[in-house]
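Quick note: the sequence shown uses the numbering used here, first residue 23, plus one each step. No residue lacks a Cβ here, since even glycine has one placed at the ideal position from N, Cα and C. Scroll down for the structure; my scribbles are underneath it.
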Amino acid sequence: MRKYSRFGLYLLDMDGTIYFENSLIPGAYEFINKLKEENIPYVFISNNSSVSKSTYLEKLANLGIPCSEDNLFSSAMAMGLYLKENYLDKKVFVVGTKLFKDELLNYGINLVDDESADILVVGYDRELTYEKLEVACRLLDGDVIFLATNPDLVYPLKNKRYLPDCGSICNMLTVATGKSPKYIGKPNPFMIDYLKKKFGVRNEDVVVVGDRLYTDIQLAINANVNSILVLTGEATKEMLEESKVKPNYVVDSIKDLI
Ligand SMILES: [Mg+2]
């Protein structure tokens, strides 16, 4: 395996990679502090679009992990940037949380709460209602642009429980209307393309570290950068064997990267 210091930008998944709910995964603290000591840039990338930047900054600070706004990129922020770059003049209807809408407002996006929207954006909506779904279906019956933050089907909770994530909400809309969204979060390479420019690094310098094959590792493949799968979260050795999505490296845990 390449020596870790030879990568020039670490893109770190959070849930299942550096922590699980409110507990750090052993070795995560040491690994991230090592990167900081060696001045190797790292960015936490998350597909969770239900919370805001400050939610993450607070959580990471509570866990003792050094992080500023520069080290953070979520699918909510990616959606804000994407809309700003491509559709700043359009009206957007959001199926998402209040915090997600606040994040989009930070990017100057024009949000509306009715059927006058040009764009439908779906996130991981823990405040989902049938009123929102009714507007979404009405919009999808027309020629609205359909975007969504992340294709994750479930959001993991403690004790093997889970909630339907953005991908499941979108699947429901797809079954009802026949329309499918374009996902902006992982594994769309949009997030990596943006970060490569921001940090001025080449593809071979970038590595994604994550626990999910169909988001984290697929992201690295789509963006043509390196990938390391950790086995502390969703993916197991058996899943890896059966999957067509193969990482460059596999480690039991982030601890092995110190
Ligand atoms: Mg994860």
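Between K120 and L133, the beta carbon gap of about 11 Å keeps them out of contact (Cβ cut-off 8 Å). Pairing I131 with K106 gives a Cβ-Cβ distance under 8 Å. Judged by their CB atoms, C192 and V144 are nearer to each other than the 8 Å cut-off. Shown here for N128: same chain residues with a beta carbon closer than 8 Å to its own, the five before and five after excluded, namely G102 in chain order. In this structure, T39 has its beta carbon less than 7 Å from a heavy atom of ligand 1. The Cβ-Cβ distance between F29 and D227 falls below 8 Å. In the assembly as shown, A198 is an exposed residue. Its beta-carbon has fewer than 16 other beta-carbons within 10 Å. Where S76 is concerned, the enclosing alpha helix (DSSP H) starts and stops at 75-84.
Judged by DSSP secondary structure, Y129 falls outside any beta strand (DSSP E); it is assigned neither H nor E.
Taking C-beta separations shorter than 7 Å and ignoring five residues to either side along the sequence, F42 has no partners in its chain. Scanning the region 116-190 for uninterrupted beta strand (DSSP E) segments of 3 residues or longer gives 141-144, 167-170, 176-178, 184-186, listed from N- to C-terminal end.
Secondary structure remark: continuous beta strand (DSSP E) runs of at least 3 residues inside the region 220-265, in chain order: 228-232, 248-252.
Residue V252 holds the alpha-carbon nearest to the alpha-carbon of T39 among V273, K266, V252, T258.
Distance check between N172 and each of L161, K180, C188 places C188 closest, using alpha-carbon atoms only. With a cut-off of 7 Å, the C-beta of D233 is classified as near ligand 1, since at least one heavy atom of the ligand falls inside that distance. Burial is judged here by how many other beta carbons sit within 10 angstroms of a residue's own beta carbon; K266 has fewer than 16 and is exposed.
When DSSP states are grouped into helix, strand and coil, K277 belongs to the helix group.
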